[in-house]
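Remarks on the structure that follows.
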Amino acid sequence: MEFPPTLFINLEKRPDRRKRMEDAFVSWPVPIERVEAVENTPGWKGCTLSHRKCIELAAQRGYPWVLILEDDCLIKSSERFTSLLPTLWSKRDSFDVFLGGPLFFTRQTLIQADPPLINVNGKTTHFCLIPAHKYEQILRDIQPTYAVFVIDHYYARNFRIWATSPHLATQYESQSDIRKFENKSATIFKESEKALEDFLETGEVHMHIENFTVERLKDLDLA
1 MEFPPTLFIN LEKRPDRRKR MEDAFVSWPV PIERVEAVEN TPGWKGCTLS HRKCIELAAQ
61 RGYPWVLILE DDCLIKSSER FTSLLPTLWS KRDSFDVFLG GPLFFTRQTL IQADPPLINV
121 NGKTTHFCLI PAHKYEQILR DIQPTYAVFV IDHYYARNFR IWATSPHLAT QYESQSDIRK
181 FENKSATIFK ESEKALEDFL ETGEVHMHIE NFTVERLKDL DLA
């Protein structure tokens with residue numbers, strides 16, 4: 001099993017974030033590689049094209065899987081990720097995207113209890129592991145110069161998404177390069193993490209994306 005080559009997306013104009021990522025991942029099992037982000041308007045288009053750029057690199061280099069990070073990724077547990085990798089590797093044909101910390105999800109199905117793996121219809125792409133069998137479809141569906149999909153919505157609608165509990169990564173609260181204002185997602189990360197923990201304990205669902213109205217998301221600066 002090869003530890004996933006790790007790429008992180010970063011705009012040229014954000015050297016502060018680049019340094020923060022390089023400092024935070026200095027002890028990561030493999031060197032992390034910066035991929036210059038595609039800047040576009042609105043910001044989600046650049047985000048989608050940046051993820052495509054990473055997938056294209058992974059395909060060209062023959063990576064068996066690739067870990068793609070955004071430069072606001074806040075890693076919580078590299079040790080748990082490392083310990084989970086043999087299981088993910090052995091089951092890599094059974095999932096299409098592994099999210100290190102889904103912000104929203106609309107359903108859960110237990111894959112296994114130990115270590116925890118849950119099939120979720122999840123959103124956010126600050127930490128996503130993608131096996132090679134999905135490269136071709138992603139590159140085919142997303143045009144290289146024009147994005148029509150928000151990347152996490154595209155994944156949620158088309159792919160089998162797995163996650164674990166607790167979250168492996170969340171996001172720094174800082175000025176969003178996509179939405180152009182302060183990211184206040186920490187509250188919902190806590191709720192989504194608690195919802196997955198409760199699901200593992202009780203089998204019941206306590207979080208639905210439908211509960212997050214436009215008004216509430218605006219209060220959290222997420223709409």
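The letter at position 17 of the sequence shown is residue 17 when you use UniProt numbering, and the numbering goes up by one with no holes.
Don't be surprised by glycine CBs; every beta carbon is placed ideally from N, CA and C.
Practice item. Can you tell me which of the three DSSP states Arg92 falls into? Key: Collapsing the DSSP output to three states places Arg92 in coil.
Practice item. In angstroms with no decimal places, state the Cα-to-Cα distance between Tyr172 and Trp89. Key: Distance between the alpha carbons of Tyr172 and Trp89 is about 28 Å.
Exercise for review: For Glu79, count neighbouring C-beta atoms within 10 Å of its own C-beta (all shown protein chains included) and say buried if the count is 16 or more, exposed if not.
Suggested key: Exposed.
Check your understanding: Who pairs with Gly101 in a beta bridge, going by DSSP?
Key -> According to DSSP, Gly101 bridges with nothing at all.
Practice item. Determine the DSSP secondary structure at Trp28, reduced to helix, strand or coil. Key: For Trp28, the secondary structure class from DSSP, reduced to helix, strand or coil, is coil.
Point to revise | Within 8 Å, strictly: CB atoms of Glu70 and Ile130 | key: No, they are not a contact pair.
Exercise for review: Determine the direct distance from the alpha carbon of Pro115 to that of Gly43, and round the result to whole angstroms.
Suggested key: CA-to-CA, the gap between Gly43 and Pro115 works out to about 36 Å.
**Study point:** Which residues DSSP lists as bridging Val35, in chain order
**Key:** For Val35, which the question treats as bridged, DSSP gives the partners Ile9.
Check your understanding: Given Leu110, which residues of its chain have a CB within under 7 Å of its CB, disregarding the five upstream and five downstream residues?
Key -> For Leu110, where only same-chain residues beyond five positions count, the Cβ hits under 7 Å are Ile118.
Check your understanding: With which residues is Ala163 paired in a DSSP beta bridge?
Key -> According to DSSP, which records beta bridges pairwise, Ala163 is partnered with Ile118.
Review point. In chain order, what residues of the same chain lie with their CB nearer than 7 Å to the CB of Lys132, ignoring the 5 residues before and after it?
Key: For the sequence presented, residue 132 should be read as Ala rather than Lys. Only residues of its own chain outside the window of five on either side were considered, and among them Tyr63, Pro64, Trp65 have a CB closer than 7 Å to the CB of Ala132, listed in chain order.
**Study point:** Nearest residue (CA-CA) to Asn121, options Cys47, Gln137, Glu193, His153
**Key:** The shortest C-alpha separation from Asn121 is found at His153.
Exercise for review: Indicate the three-state DSSP secondary structure (helix, strand or coil) for Phe189 in the structure shown.
Suggested key: Assignment of Phe189 by DSSP, reduced to helix, strand and coil, places it in the helix class.
Check your understanding: Excluding the five sequence neighbours on either side, which residues of its own chain have a C-beta within less than 6 Å of the C-beta of Thr170, listed in chain order?
Key -> Closer than 6 Å at the Cβ level, and outside the excluded window around Thr170, lie Leu74, Gly101, Phe189.
Point to revise | Per-residue DSSP class, three states only, for Pro131 | key: Pro131: strand per DSSP, three-state reduction.
Review point. Among His51, Arg18, Thr6, which has the Cα closest to the Cα of Tyr155?
Key: Comparing Cα positions, the closest option is His51.
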